[in-house]
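All remarks here apply to the structure that follows.
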Amino acid sequence: MSIDTQTTSRPDRSRDLSQPLEKLHPDETLKANSDQLRGGIVEGLADPVTRSVPGEDPKLMKFHGLYLQDDRDLRDERRRQKLEPAFSFMVRVRLPGGICTPSQWLKLDALAREYGGESLRLTTRQTFQFHRVLKHNLRSTIQGLREILLDTKAACGDDCRGVMCSVNPSLSALHAEVYEIAKQASDRAVPRTGAYKEIWYEEERTPADGPEEPLYGRTYMPRKFKIGFAVPPINDIDVYAQDLGFIAVVEDGKLVGFNVAIGGGMGRIDRNPNSYPRLADVIGYVDVENVFVAIDAVMQVQRDYGDRADRARARFKYTIDDKGLDWVKAEIEDRMGFEFGPARAYRFTSNGDVLGWQNGDDGRRHFTLFIQSGRITNTADCALLDGLRAVARIHKGEFRVTPNQNLIISNIAAEDRERIENALETSGLSALNAGSGLRLNAMACVALPTCGLAMAEAERYLPDLITKIETILAEHNLYEEPITLRMTGCPNGCARPYIADIGLTGRAPGKYNLYLGGGFHGERLNQMVLENVGEAAILEKLGDLIAHFAREREPAEHLGDFALRAGYLDTAQGNDPTPLLK
């Protein structure tokens, strides 16, 4: 998988943190001179002339969990009227492991109704996003989150993003233990700068006792850094898509440690052959007590050696391919002060969610609700926002956001099940789990109209495309077949399309690249089979594949595996991360 896994004694350091700022990307100077992410954000928020924040400060605001966006549906008309774009902000919550309480849910609901266009988004990294938040409402939104002990720190930016954790509700005790580790990992890796509380909570600046950022320094990470914890047999977090992934190892019912995987990442840049998705390599094992030591060492290696001259090559996956996997592993071990143990055996069976009711090993009940593309709002067909508010008002357990943009109403006591069921039924939410196997395993990013990177539709288009594919599936008696389909509006891969049975990435309005053949439990990248095509070509190709699959599939064979076996892909591309999955 790696371009070069040979150990190098003297790695090239001409593009990393050791170089003068003037030799690196301008963003490195911006970060270094930002006064630890303060910049001119306060002044920009106070500027009454624009709904934007001037200059380079929107880049710094990403570290605070905020993205400046505009409504692209209105962009041309506003340009004709010589008006500035319809600016607003996306606000992303930091929610390690995807868990929140009913009281937190009710506050999130209230903030969405007041400031976020009466809509919440569940993301593919197990958190919430508010969209269309106006500049003058940012402080009120963030201070509202503070009331329920939530924040938006490091939800974006060149830092450690929200830490993911498997949410398999049938393994309640094990999940609780791994979740607590994931939460501690997030809290340890969050930036320490006082800028956040000064800007958003309007507190006075206080002198720092020592370096304000002992881990990140003045220039933080080269690019975003993603960590996730998976609990076999379900790879719901897509652990091989993480910069740093931990795979739980359980012996005699007890969590003993984790296999460690490094170098995953889905992003790529259109027409740039030096930019590509990559699956993580499993490099060894650490005991539970050494997890945080491993995290610190891995992040330090990427901090010190990551490419800071070319942001397109700044992710950890490229550091590994440029320096060599063996060298990177040895450097991590040197900083840990011990070597990784041999990887332990494990097995994944899927990366999806089990919908509906499940029993936990502690006797509690859990209900997983399908939410298409994670979009929670009220429509003529389904008052999802209202329905979940009604559930939150009577629920005494937790809510868990899944990495597949679904929601688990978790830890339901036996005496409360009937009330929860009645609330779901009354609001029409129970019917959401009645879709096809394709629909229930589909994801999409937000894309248009708010994402500035989107080249094509995703979230708004996917439901209609699925309906057309469902017609083909029904013709071949495959309507219930679980097939993963993931769509993004650009090549960046936020919905992890490159490890789906079917992946679609936007190229232009109405045009997509079509990928086939990902592994059903996230262990194999798919491959592009059609480039820059429209709906008709996509449906024709999928129609041929589905018909072939229906005729010649082997028992229990998944669509992606069939596409590989039946010759739709280049079998010379070996991208299985580890033989331990076999």
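Here the sequence shown stands for residues 23 to 604, numbered as in this note's numbering. A virtual CB, placed ideally from N, CA and C, is assigned to each residue, including glycine. These numbers were taken from a predicted model, which means no experiment stands behind them.
Whole-angstrom distance between residue j and residue i, CA atom to CA atom
i    : j    : result
Q380 : F389 : 6 Å
R60  : D79  : 9 Å
R337 : N514 : 12 Å
G216 : E234 : 8 Å
A519 : L591 : Note that residue 519 is Pro in the sequence shown, not Ala. The straight-line gap from Cα to Cα measures roughly 16 Å.
S36  : A476 : 33 Å
F85  : A176 : 5 Å
R101 : Q41  : 42 Å
H570 : A496 : 14 Å
C122 : L567 : 41 Å
N548 : G285 : 17 Å
P504 : E574 : 17 Å
L277 : F362 : 17 Å
E545 : V423 : 23 Å
I521 : G541 : 6 Å
D438 : A517 : 34 Å
D57  : V75  : 17 Å
I524 : N535 : 11 Å
R587 : N463 : 22 Å
R32  : K45  : 20 Å
A453 : N400 : 15 Å
E353 : D318 : 12 Å
V113 : R154 : 9 Å
H580 : I256 : 16 Å
Status (buried if at least 16 other CB within 10 Å, exposed otherwise) for residue i
i    : result
T228 : exposed
V468 : buried
E99  : exposed
K418 : exposed
D486 : exposed
N428 : buried
V282 : buried
Y537 : buried
Y223 : exposed
D77  : According to the sequence provided, residue 77 is Gly. The question's Asp does not apply to it. Looking at its Cβ environment, which holds fewer than 16 other Cβ atoms inside 10 Å, G77 is exposed.
N190 : buried
R415 : exposed
D38  : buried
E420 : buried
P299 : buried
D34  : exposed
N499 : exposed
7 Å Cβ shell around residue i - same chain, five flanking residues per side excluded
i    : result
P254 : I269, A270, Y368, R369 and F370
L43  : E50, T51 and A54
I203 : F251 and V313
V64  : I221
V376 : T390
N426 : D258, G374, D375 and M465
A585 : L538, G539, L567 and L591
Interface flag, residue i vs chain D, CB-CB below 8 Å
i    : result
E481 : Included in the structure is just one protein chain, with no chain D present.
Same chain, Cβ closer than 6 Å to residue i, neighbours up to 5 away in sequence not counted
i    : result
R245 : D180, A336 and R337
I398 : L142, L406 and L407
D131 : R411
G328 : P244, A336 and T341
Close beta carbons around residue i, own chain, < 8 Å, minus the five adjacent residues each side
i    : result
T30  : Because the pLDDT at T30 is just 48, under 50, the model does not fix this residue reliably, and the point stays unresolved.
R116 : G87, T149, L172, D173, T174, K175, A176, A177, G184, S208 and V212
P531 : M477, A478 and E479
G306 : N281, V282, K351, E361, F362, G363, P364 and A365
R330 : R37, D38, L39, Q41, L46, H47, E50, T241, P244 and A336
- At which residue ranges does the segment 220-245 contain complete alpha helix (DSSP H) runs of 4 or more residues, listed in the order of the chain? none
- Item | Three CB pairs or more closer than 8 Å across the segment 318-331 and the segment 551-565 | no
- Query: Should the segment 480-496 be regarded as contacting the segment 154-174, the criterion being three or more beta carbon pairs within less than 8 Å?
  - Reply: no
- Message: Pairs of beta-carbons, one from the segment 148-164 and one from the segment 64-77, closer than 8 Å: are there three or more?
- Response: yes
- Query: What runs of the alpha helix (DSSP H), each 4 residues or longer, lie entirely inside the segment 97-165?
  - Reply: 97-102 and 124-137
- Message: Between the segment 389-398 and the segment 562-570, can you find at least three pairs of beta-carbon atoms closer than 8 Å?
- Response: no
- Minimum length 4: unbroken alpha helix (DSSP H) runs contained in the segment 26-72: 48-54 and 63-68
- Counting pairs of beta carbons, one from the segment 456-475 and one from the segment 91-98, are three or more of them closer than 8 Å? yes
- Could I get the ranges of all uninterrupted beta strand (DSSP E) runs contained in the segment 493-528, with 3 residues as the minimum, in chain order? 507-510
- Query: Looking at C-beta atoms only, is the number of pairs between the segment 499-518 and the segment 283-290 that lie closer than 8 Å three or more?
  - Reply: yes
- Query: Taking only runs of the alpha helix (DSSP H) that begin and end inside the segment 355-427, which ones reach a length of at least 4 residues, in chain order?
  - Reply: 406-416
- Message: Quick check for students: name the residue ranges of the alpha helix (DSSP H) that lie wholly in the segment 241-327, counting only runs of 4 or more.
- Response: 313-327
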